[in-house]
Amino acid sequence: MTFVRPIMEYGSSIWSPYMKNHIITIESVQRSFTKTLCRRCNIPFNSYMDRLQKLNIRSLEYRRLENDIIMVYKIINKLVDLQFESIFEFYKSPYNTRRHKYCLKLASFKYMAYKHTFANRAAKVWNDLPAKLVTTTSFLFSKNC
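In our numbering, each residue carries its 1-based index in the sequence shown increased by 54.
Here it is, written out as structure tokens:
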């Protein structure tokens, strides 16, 4: 895991699969590894999710999502050398009563290819986070990734 996972996750903010067959293909690497590991260590399991739970690891899809959220946090708080304005824009509305103050504006694109870019993909997830989590400085966002 320690050797393969960093390679699988490298650059996930730049390229993250959105087509189901690509997600399944990438996830199959971890799926295969966990199956082999559980069999060699005589760990009983019923499914892939069961293996993940017993090995205390998360799916690669979940980790890519987590990495996106962490990257957004780092960009907003200037913890990385990227200009916020070149990637995101805050959603400003006087009627914004149900969202947190760090809501990001979703861009509209003429071409479908841009729909799944980091900015749009991450903004959708970021906007759904509760205000308490977005404004925290907890361990989740202090991770080096």
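C-beta: ideal position from N, C-alpha, C; glycine also.
Distance, Cα to Cα, Glu139 vs Lys108? 42 Å
Supposed contact pair Arg118 and Ser162 - C-beta distance, whole angstroms, cut 8 Å: Not really, about 24 Å apart at Cβ, beyond 8 Å.
What is the rounded straight-line gap between the Cα of Ile141 and the Cα of Ser82? 32 Å
For the alpha helix (DSSP H) containing Met103, name the first residue and the last one. 102–109
Helix, strand or coil for Cys199? Go by DSSP, reduced to three states. Residue placement at Cys199 cannot be trusted, given a pLDDT of 44 that sits under 50; what the coordinates show is reported in the next sentence. Residue state, collapsed to three classes: coil.
Selection from Thr171, Arg175, Ile123 that minimises the alpha carbon distance to Leu183: Ile123
Identified DSSP bridge partners for Phe144: Leu158
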